[in-house]
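Visitor: Chains Z and Y are the protein sequences, given in the same order. In this text, residue positions in the first sequence follow the UniProt record's numbering: the first is 1, and each later residue adds one. In this text, residue positions in the second sequence follow the UniProt record's numbering: the first is 1, and each later residue adds one. The C-beta atom is built at its ideal place from N, Cα and C for all residues, glycine as well. Supplied in structure tokens, the structure appears directly below.
Number of protein chains: 2
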Amino acid sequence: MRIGEIAALVGLTTRAIRHYHHVGLIPEPERRSNGYRAYSVRDAVLLARVRRLTELGLRLDEVRDALADDAGRELAEILDELDADLARQEAAIRERRCRLSALLAEPPDATGPVSPALAALLAQAPRTDSPSAAQDREYLTLLDATSTGSQEMLALLGTLVADPAVVELYERLDALAEAPADDPRIAPLAADLMAAVPEELFAAIPEDGVVVTGFKEALLAEYAPAQAEVVGRLMEAFVERGRG
Amino acid sequence: MRIGEIAALVGLTTRAIRHYHHVGLIPEPERRSNGYRAYSVRDAVLLARVRRLTELGLRLDEVRDALADDAGRELAEILDELDADLARQEAAIRERRCRLSALLAEPPDATGPVSPALAALLAQAPRTDSPSAAQDREYLTLLDATSTGSQEMLALLGTLVADPAVVELYERLDALAEAPADDPRIAPLAADLMAAVPEELFAAIPEDGVVVTGFKEALLAEYAPAQAEVVGRLMEAFVERGRG
DNA sequence: AGAAACCCTGCCGTTGCGTCAAGGTCAAGC
DNA sequence: GCTTGACCTTGACGCAACGGCAGGGTTTCT
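And the structure:
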């Protein structure tokens, strides 16, 4: 048989068979005088074995092991391992689908998929066009995605965010966009902000995730000078009171 | 932030982030005077979004689509598609695991994994050391793997194989290994073989799979001259009576 | 001054083939 | 005899999403 014939017989492509030769999984058969590979039925039996094994999900080197082993002993071992691997994959897929369905259940959000906890929080927040508030919401998605144990933080933030008074605070922060770094409104705003934060929140800063060298500076760089003053004071308060 | 810092922040590797830049998924940030990339918190938000999407199983080009789309509308579409894809994968894995468990339940066989139907057939066959019988068993694994609808054939073969008389037929075929092509034992053996084959089997040859140009010649090439005579006559009978 | 811990670019390796590219071979029809 | 079409040959690149290494520069700590 020529390669196309044996390929049709065992249900592989000619390219796959040549590939198996190339990587040494299957020895090259004799050649006819014109250079064509001449396959025997024995080769077909071997290739069919390979096909069954690859269809089970074995990689080519595992197929090689399974074929090399004269007894079927190690094969059982490989299959056991493979089954465990497939079980892991199946669990992973199931978890992804689970999270997917949670996402699909919620209304789509331009910020991309977020945890259910954060989605609930954002839905609960009062509607406002404040740029600072929008910025904060984005940063919350960052915290949501990176910090383990952000659940409790979000719960605490819920009490803060539900307060319609925060809208006014955001607007006062917005008003500092063009102000100089020594604007007199800075100190009272920082004080009011700190007063609005519930005490437990100071202690709930996750130690991993957001707390990374360089993050503070990068965060302050996002704000105008006067705003950065305010945010900087808040952050200092968090560091002091959270870590004592 | 430098690249290592933002990588730690969002839970990616520096290599992955550079890769995203390379393929244009994420724009390159400004550089510091020393050439280091300078990341902002906005970049971190973006990267966190990318991470969430890739963790859901989206490919990078799908992530790009999801990000480019200003609304979250197309995202839902992509996620729907993704869920369907995951469902397919899950089903495929489950089927593989199903077949795997069927294989693991049976005693391991040096010929590799075979269908349950064939395994039952082989277990039912009488024990013999006949080389021809061994050869035939190998060829059966080929037929098992390649022909769709080989189930009925195997059922019909069950009635044939269970007959202890076939052992004698195999031994008579073995005896022709060194015989010339005009040995007088050829004709009677061919006749007895044909008589042993149940009538329905002639009609049950699957049209796909084994029937491939070049297969007959290859099969005959596996046998010694006198044996090839016998097998050739059998095959002719099959062709005539199966298709007549 | 030297070591540690960062950063940079760029290229190869992974898995299992698909897909050209650029030819040589063979049977059939004009 | 010549073309056409369906085969075959080797060889090399492409893919997905990075990991790892080479070979070099920067900053910082000690």
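Against Y:I93, what residues of chain Z qualify as contacts under a CB-to-CB distance less than 9 Å, listed in chain order?
Guide: The contacting residues are G57, L86, A87, Q89, E90 and I93.
Visitor: Rounded to a whole number of angstroms, what is the C-alpha to C-alpha distance between Y:H19 and Y:R137?
Guide: Near 52 Å, if we compare the C-alpha coordinates of Y:R137 and Y:H19.
Visitor: Examine chain Y for any beta-carbon lying closer than 7 Å to the beta-carbon of residue 253 of chain Z, and answer yes or no.
Guide: Only positions 1 to 244 of chain Z appear in the structure, and residue 253 of chain Z is not among them; the question remains open.
Visitor: Leaving out the 5 sequence neighbours to the left and right, which residues in its chain are closer than 7 Å to Z:E106 when beta-carbon positions are compared?
Guide: A119
Visitor: Identify the contact partners of Z:S150 in chain Y, using a Cβ-Cβ distance below 7 Å as the criterion.
Guide: Result: empty, since nearest Cβ-Cβ is about 12 Å, beyond 7 Å.
Visitor: Can you name the residues that DSSP bridges to Y:R37?
Guide: Y:R31
Visitor: Please report the distance separating the alpha-carbon of Y:M1 from that of Z:A218.
Guide: 6 Å
Visitor: Would you kindly work out how many angstroms separate the C-alpha atoms of Y:H22 and Y:A8, rounded to a whole number?
Guide: 20 Å
Visitor: Is Y:R137 helix, strand or coil by DSSP?
Guide: helix
Visitor: Should Y:T164 go down as buried or exposed, given a rule of 16 or more other Cβ atoms within 10 Å for buried?
Guide: The question names Thr, but residue 164 of chain Y is Pro in the sequence shown. With fewer than 16 other Cβ atoms within 10 Å, it is exposed.
Visitor: Any idea what DSSP makes of Z:D43, helix, strand or coil?
Guide: The three-state reading of DSSP puts Z:D43 in helix, counting H, G and I together.
Visitor: Using a beta-carbon distance below 7 Å, is Z:E5 in contact with chain Y?
Guide: yes
Visitor: So what's Z:D129 in DSSP terms, helix, strand or just coil?
Guide: coil
Visitor: Within 7 Å of any Cβ in chain Z, is that where the Cβ of Y:L189 sits?
Guide: no
Visitor: Could you name the residues of the same chain whose beta carbon sits closer than 6 Å to that of Z:L25, not counting the 5 residues immediately before and after it, in chain order?
Guide: L60 and R64
Visitor: Leaving out the 5 sequence neighbours to the left and right, which residues in its chain are closer than 7 Å to Y:E152 when beta-carbon positions are compared?
Guide: A204
Visitor: Which residues in the same chain have their Cβ closer than 6 Å to the Cβ of Z:E28, if we skip the five residues on either side of it in sequence?
Guide: Cβ within range, chain order: H21.
Visitor: Since I believe Z:L53 is in contact with Y:P113 (beta carbons under 8 Å), could you give me their beta-carbon distance rounded to a whole number of angstroms?
Guide: 7 Å
Visitor: To the nearest angstrom, report how far apart Z:V10 and Z:E30 are at their CA atoms.
Guide: 19 Å
Visitor: Would you call the region 167 to 187 of chain Z and the region 138 to 150 of chain Z in contact, with 3 or more CB pairs under 8 Å?
Guide: No: the two stretches stay apart, fewer than three of their Cβ pairs being nearer than 8 Å.
Visitor: Per DSSP, what kind of secondary structure is Y:P225 in: helix, strand or coil?
Guide: helix
Visitor: Can at least three beta-carbon pairs, one atom from the region 123 to 132 of chain Z and one from the region 71 to 89 of chain Z, be found at a separation below 8 Å?
Guide: no
Visitor: Is the beta carbon of Z:L12 less than 7 Å from the beta carbon of Z:R51?
Guide: yes
Visitor: Need the endpoints of the alpha helix (DSSP H) that Z:P188 sits in, please.
Guide: Here the alpha helix (DSSP H) through Z:P188 covers I186 to A196.
Visitor: Quick one: what does DSSP say Z:V114 is sitting in, helix, strand or coil?
Guide: The answer is coil: DSSP assigns Z:V114 none of H, G, I, E or B.
Visitor: Output yes or no for whether 7 Å exceeds the beta carbon distance between Z:L169 and Z:A226.
Guide: no
Visitor: Applying the criterion that 16 or more other CB atoms from any shown protein chain within 10 Å of the CB defines a buried residue, is Y:Y39 buried or exposed?
Guide: buried
Visitor: Show which residues of chain Y have a CB atom less than 9 Å away from the CB atom of Z:Y39.
Guide: G214 and A218
Visitor: Z:G57: which of Y:V167, Y:L173 and Y:E95 sits nearest, CA to CA?
Guide: Y:E95
Visitor: According to DSSP, simplified to helix, strand and coil, what is Y:I93?
Guide: helix
Visitor: In whole angstroms, give me the CA-to-CA distance for Z:R42 and Y:S132.
Guide: Cα to Cα, Z:R42 sits roughly 13 Å from Y:S132.
Visitor: Run through DSSP, which three-state label would Z:L160 get?
Guide: helix
Visitor: Give me the Cα-Cα distance between Z:L201 and Z:L156, rounded to the nearest whole angstrom.
Guide: 6 Å
Visitor: Would you report the Cα separation of Y:A162 and Y:L154, rounded to the nearest angstrom?
Guide: 12 Å
Visitor: How should Z:Y36 be labelled, buried or exposed, when 16 other C-beta atoms within 10 angstroms of its C-beta is the threshold for buried?
Guide: Looking at its Cβ environment, which holds fewer than 16 other Cβ atoms inside 10 Å, Z:Y36 is exposed.
Visitor: What three-state label does DSSP hand Z:S147 in the structure shown?
Guide: coil
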